[in-house]
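Here is the structure we will look at, set down as structure tokens.
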Amino acid sequence: MRARMVSSTAFRFLTAVGLWLGVAASALAQSDGMSRLDKLLPADCLFYSGWNPAVTLDPASGNHAEALMSEPEVQAFIKDLSSRMEKLIPAMIPDSGDERARIARRVTPELARALFTRPGCLYLERFELSAESGTPIVDGAFVLDVGGDAAGLVDSLAKLVRDPAAPPAEGVETSGGVTVHRLEIPDPTAPAIHFGSMDGLLFLAIGDQAVKDLTSRQSSKAAPEWLTKLQARNPLRKPTSYGMIDLAGLRGQLMETAPPEVGIVVKELGLDGLTQIESVGGFDKEGIASRVRVGFTGTPRGLLALNGENGIAAAELQHIPSDALFAAGISLDASRVLELVEKFLEQFSPDEMADFEEGLDSMEDELGIDVRGDIIAALGPTWTLYNGASDGLGTGLTLTVSVKDKDALSKAIDQISQVAQAALARDDEAPKVVRQKMEGTDVYSLQFQGMPVPVEPSWCLAGDKLIVTLFPQSMAPFLKKLLHEPLVDDAMYARLATPFGQAKAGNVIGFSYTDTRRQFELLYPWGQMMLTMMQGMGEEMDLPPELSETVGPALRGISLPPARVIYPHLQPALTAIRQTSEGFEFETRQTLPMIDVTVAAPVMVALLLPAVQQARGAAQRMQGQNNLKQLALAAHNFESAYRKMPAAWTADKEGQPLLSWRVQMLPWLEQQGLYDQFNHDEPWDSAHNIQLLEQMPATFRCPSSTAAPGETVYRAVGGNDGILAPPTGGNGQAGGVGFADIHDGTSNTIMIVEASDMLAVPWTKPDEGILPDGEELWNLFGQYPGGFSAAFGDGSVQFLPSSIDFEALKSMMKRADGGPVYGFDR
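Residue 703 in my numbering sits at position 544 of the sequence shown, with consecutive numbering throughout.
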């Protein structure tokens, strides 16, 4: 049977990524030369990422990264990967036999080679959202030094993107005699995209103004001032990348069109004080270094103030052994974290806050301790996680937390352990909490009974630290005072505290350490074996026909550089997080190349957008439920005045509908003035009443709805079975339903729903409402993911999940069917 190791799509992706990374590394061995692109940058910039990989490697410089990459075996390996990539890329493009396919197969390797071996930059000069349409207004560009015939490459790209059925398009000449081509995009609201070449540079510009500004700056003599200052603040011996994100500028533009709740979230998180992110990467004196600075103004708040007041001192790290395979530490104040969580829940989700408080109170009652005072407040701000090689690979994993109040925490741990012991003792097969004395200290362990669990989680208080390990034996270095050399000595702490190129130290609030050599010893053999297995099974992979003849040979013969060549050059990787008067710094020093954070920033933003949208949706959903509560309260006040609920509409003497139930409830929504403007003996669309449609109160506007002005998605449950039923007589008020007619109980019967935009109606127009047995129930869902909100007859508001049983939903919409309410836990 042929082995189906990976799908063709996954294989193409992994192959391309692996070989492109090889080309990225080979770029470090190209010729010298500062980027010619700096002078093309605008005087003001919102986002910038520039790279200049063309540096000369000097194996005698004392830099271990340069020495590694200069090794002949490493150079041969990189060159081999580059060659294989250039053969594979065309094979990944289907050969349809036409001119466009031939062009694509020819220019794609050329573009890939230039992208990773030549200077380039990406910048954004302007980004706004139109207040009218919400569409983006963008000015920015991507510029790449292709090094060869840039004009010929642009001509090829123009043929590639042009519709074969369309007549040949003429290039458009812009300032400076530069000819550009425009991409034809079907969406008329999308920003214009142009591409062209000048002086050996390929560019892609977004926005009509951007292409004009870019070409006009080719006569500039110097880089903009903001870039010069960025480079001066972040000196490196051989810089290969710079980046910048103007957070203040972007925030100012985006907040103008963003919903108010987004601004509230940004402020509560303390992100409104962030000003700029800037980064640099390249070679320092010893290896490869990178720095990211996050600037802010004012006093740190929210997420920026969760660390301890004084950061991490060197004395707090002496317990980490020098043979640690890895180690990490962070300053994190548990009390501040809890305070921020509670503040957010209280402001944005009161129901969840109530549940949280109830759960905390219940826990304290069961355990007999004050969780906030005896545990959270007793913990210190310094947390570390590490694994010493002598403590066992993986089995020696150790977590430590500094302690401020040892007595309070000791009593809490003992109390929790006793309660857990008593609770678990009732089940013979449940894990057991065991307490034992080690060197006079109480050590607690969780022992699993009757199940093959390979760990025995243990914890204790030793000195001023809470220790958590996978096995009780791992407590020995703390309890038996086993001597070891500390990983963080004075020299390492100085490197953590002091930025490269500067003498002034910062406040260390986090760090990480990786013993690259030891991890290389462990992982490199596995890499060799996996590569050999892939080559051996390459013929059996399920690949499409167009790839099978190319991929097999491309995989065969790949040989990693000998381990003995790589090993001597590897140095530990060290990352420091500092807080300064100007912001935060993230600095890394290591042997191998790394990704510039400003290149990854757009990807991170894209990943965060769903979370931002979710927060926005939650706030809108809460506002919508508040509207429903106001409507339900108005209906109850109406009933108090007339002893009847409002009817679905008012009617004239002949029974013809006039105005909706919403108009009837205006006086109880503090809208008496608007109510008095209606001619109540005329229909909703009379010459006079139709003019009032645009004055719809905010209570009838669902915050997430995109319905037309004057339309609402707040619909009553109507028909003869609904609470807001049609009038039975000429007067709508007299024909309404009373509480006595709701036989199933007001708390079990839905009165008003917040439907999707599919069910939007003019707010003054009389309508039957949502019929319990109608075919439109599916259209109730749509305003928010997972369900819809509804107001019940007792005035409560619930969010009904989309998984609800539809028979149960129908029953809840009928006031007197006598059917059970099932399929939904209220």
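We treat Cβ as the ideally placed atom computed from N, Cα and C, and that holds for glycine. Being a predicted model, the structure only gives us computed values, none of them experimental.
Buried or exposed by the 16-neighbour rule on C-beta atoms within 10 Å, applied to residue 211 | Within the sequence shown, residue 211 is the residue found at index 52, counting from 1. Flag for residue 211 reads buried.
With residue 362 as the anchor, note down where its beta strand (DSSP E) starts and where it stops.
-> On the sequence shown, position 203 is the one that residue 362 refers to. Counting along the chain, the beta strand (DSSP E) containing residue 362 begins and ends at 360-365.
CB of residue 340 to nearest heavy atom of the ligand COA: below 7 Å?
-> Although the ligand COA was asked about, the structure shown includes no ligands whatsoever.
Alpha-carbon to alpha-carbon, residue 862 and residue 511 = Walking along the sequence shown from the start, residue 511 turns up at place 352. Walking along the sequence shown from the start, residue 862 turns up at place 703. Roughly 21 Å separates the two Cα atoms.
Where residue 970 falls, given that 16 or more other Cβ within 10 Å makes a residue buried = Position 811 of the sequence shown holds residue 970. Around the C-beta of residue 970, 16 or more other C-beta atoms lie within 10 Å, and the residue is accordingly described as buried.
Less than 8 Å separating the beta-carbons of residue 306 and residue 488?
-> Here residue 306 corresponds to residue number 147 of the sequence shown, with the count starting at 1. Here residue 488 corresponds to residue number 329 of the sequence shown, with the count starting at 1. It is not a contact, given that the beta carbons lie outside the stated cut-off.
Candidates 459, 484, 392 and 356: which alpha carbon is nearest residue 742's?
-> By one-based count along the sequence shown, residue 742 stands at place 583. Looking only at 459, 484, 392 and 356, the smallest Cα-Cα distance to residue 742 is reached by 459.
Return the CA-CA distance between residue 687 and residue 223, expressed in angstroms with no decimal places.
-> Here residue 687 corresponds to residue number 528 of the sequence shown, with the count starting at 1. Here residue 223 corresponds to residue number 64 of the sequence shown, with the count starting at 1. Those two C-alpha atoms are separated by around 23 Å.
Give every residue of the same chain whose Cβ lies closer than 7 Å to the Cβ of residue 527, excluding the five residues on either side of it in the sequence, and list them in chain order.
-> For the purposes of this step, residue 527 is taken as residue 368 along the sequence shown, with counting starting at 1. Only 574 meet the Cβ criterion.
Which class does residue 507 belong to by DSSP, given the choice of helix, strand or coil?
-> Counting from one through the sequence shown, the residue named residue 507 turns up at place 348. It is helical.
Taking contact to mean at least 3 C-beta pairs separated by less than 8 Å, is the segment 216-231 in contact with the segment 441-450?
-> Three or more pairs of CB atoms, one per stretch, sit closer than 8 Å, so the segment 216-231 contacts the segment 441-450.
Please name the residue or residues paired with residue 681 in a DSSP beta bridge.
-> Counting from one through the sequence shown, the residue named residue 681 turns up at place 522. None; residue 681 has no bridge partner.
In chain order, what residues of the same chain have a beta carbon less than 6 Å from the beta carbon of residue 559, not counting five sequence neighbours either side?
-> The sequence position of residue 559 within the sequence shown is 400, counting from 1. For residue 559, where only same-chain residues beyond five positions count, the Cβ hits under 6 Å are 543, 624 and 626.
Count the other CB atoms within 10 Å of the CB of residue 471; is the residue buried (16 or more) or exposed (fewer)?
-> Here residue 471 is taken as the residue at index 312 of the sequence shown, counted from 1. By the neighbour-count rule (16 or more Cβ atoms within 10 Å), residue 471 is buried.
Quick one: is residue 353 buried, meaning 16 or more other Cβ sit within 10 Å of its Cβ, or exposed?
-> Position 194 of the sequence shown, counting from 1, holds the residue named residue 353. So residue 353 ends up on the buried side.
In its own chain, which residues sit with a C-beta less than 7 Å from the C-beta of residue 367, not counting the 5 before and 5 after it?
-> For the purposes of this step, residue 367 is taken as residue 208 along the sequence shown, with counting starting at 1. The residues are 351.
Using DSSP bridges, identify the partner residues of residue 619.
-> Residue mapping note: residue 619 aligns to position 460 of the sequence shown, counting from 1. For residue 619, which the question treats as bridged, DSSP gives the partners 602 and 626.
Would the beta-carbon of residue 361 fall within 8 Å of that of residue 309?
-> By 1-based counting over the sequence shown, the position of residue 361 is 202. By 1-based counting over the sequence shown, the position of residue 309 is 150. Against a cut-off of 8 Å, the Cβ pair of residue 309 and residue 361 comes out as a contact.
How big is the Cα-Cα spacing for residue 907 and residue 957?
-> As a working note, residue 907 is residue 748 in the sequence shown. As a working note, residue 957 is residue 798 in the sequence shown. Cα to Cα, the separation comes out at about 11 Å.
Quick one, are the C-beta atoms of residue 402 and residue 718 less than 8 Å apart?
-> For the purposes of this step, residue 402 is identified with residue 243 of the sequence shown, where counting begins at 1. For the purposes of this step, residue 718 is identified with residue 559 of the sequence shown, where counting begins at 1. Not closer than 8 Å, so no.
Is the segment 902-917 touching the segment 823-835 in the sense that three or more CB pairs, one from each, lie closer than 8 Å?
-> With a cut-off of 8 Å, the segment 902-917 and the segment 823-835 do not count as touching, because too few Cβ pairs lie within range.
Quick one: complete alpha helix (DSSP H) runs, 4+ long, within the segment 406-494?
-> Unbroken alpha helix (DSSP H) stretches of 4 residues or longer found wholly inside the segment 406-494: 406-414 and 419-427, given in chain order.
Tell me which same chain residues have a C-beta within less than 7 Å of the C-beta of residue 731, skipping the five on either side of it?
-> The residue labelled residue 731 in the question sits at position 572 within the sequence shown. Excluding residues within five positions, the ones whose Cβ falls inside 7 Å are 672, 673, 674 and 675.
At what residue ranges does the segment 646-674 contain a whole run of the alpha helix (DSSP H), taking only runs of 4 or more?
-> Counting only runs of 4 or more, we get 649-656.
If we call anything under 8 Å between Cβ atoms a contact, is residue 399 one with residue 432?
-> Within the sequence shown, numbered from 1, the residue matching residue 399 stands at position 240. Within the sequence shown, numbered from 1, the residue matching residue 432 stands at position 273. No; because the gap between Cβ atoms is not below 8 Å, this pair is not in contact.
Report back the beta-carbon spacing between residue 427 and residue 502 to the nearest angstrom; my notes put them in contact at under 8 Å.
-> Counting from one through the sequence shown, the residue named residue 427 turns up at place 268. Counting from one through the sequence shown, the residue named residue 502 turns up at place 343. By a beta-carbon distance limit of 8 Å, residue 427 contacts residue 502. Their separation comes to about 7 Å.
Are the beta-carbon atoms belonging to residue 986 and residue 299 less than 8 Å from one another?
-> The chain is shown only over 160 to 985; residue 986 falls outside these bounds and no answer can be derived.
Backbone CA spacing between residue 590 and residue 569 [nearest angstrom] = In the sequence shown, the residue the question calls residue 590 occupies position 431. In the sequence shown, the residue the question calls residue 569 occupies position 410. When rounded, the distance between both Cα atoms is 22 Å.
Let me know if residue 639 comes out buried or exposed under the rule of 16 or more other beta-carbons within 10 Å of its beta-carbon.
-> If you number the sequence shown from 1, residue 639 lands on position 480. Counting Cβ neighbours within 10 Å, residue 639 comes out exposed, since fewer than 16 surround it.
Alpha carbon of residue 974 to alpha carbon of residue 835, nearest angstrom = Start at 1 with the first residue of the sequence shown, and residue 974 comes out as number 815. Start at 1 with the first residue of the sequence shown, and residue 835 comes out as number 676. The alpha-carbon of residue 974 is positioned some 32 Å away from that of residue 835.
For residue 540, name the three-state secondary structure that DSSP assigns.
-> To locate residue 540, count along the sequence shown from 1; it is residue 381. Residue state, collapsed to three classes: strand.
With 16 other CB atoms within 10 Å as the buried threshold, where does residue 805 fall?
-> Within the sequence shown, the letter at position 646 stands for residue 805. Residue 805 comes out buried.
The segment 631-648 contacting the segment 595-604, beta-carbon criterion three pairs below 8 Å | Taking 8 Å as the limit for Cβ pairs, the verdict is that the segment 595-604 does touch the segment 631-648.
Cβ distance (whole Å) where residue 615 is taken to contact residue 606 below 8 Å | Taking the first residue of the sequence shown as 1, we reach residue 615 at position 456. Taking the first residue of the sequence shown as 1, we reach residue 606 at position 447. Confirmed, about 6 Å.
Can you name, in chain order, every residue of its own chain whose Cβ lies under 6 Å from the Cβ of residue 365, other than the five neighbours on each side?
-> Translated into positions along the sequence shown, residue 365 becomes position 206. Excluding residues within five positions, the ones whose Cβ falls inside 6 Å are 297, 299, 350 and 352.
Given that a residue counts as buried once 16 or more other Cβ atoms are within 10 Å of its Cβ, and exposed if not, what is residue 272?
-> Along the sequence shown, read from residue 1 onward, the residue named residue 272 stands at position 113. Buried, because 16 or more other Cβ atoms sit within 10 Å of the Cβ of residue 272.
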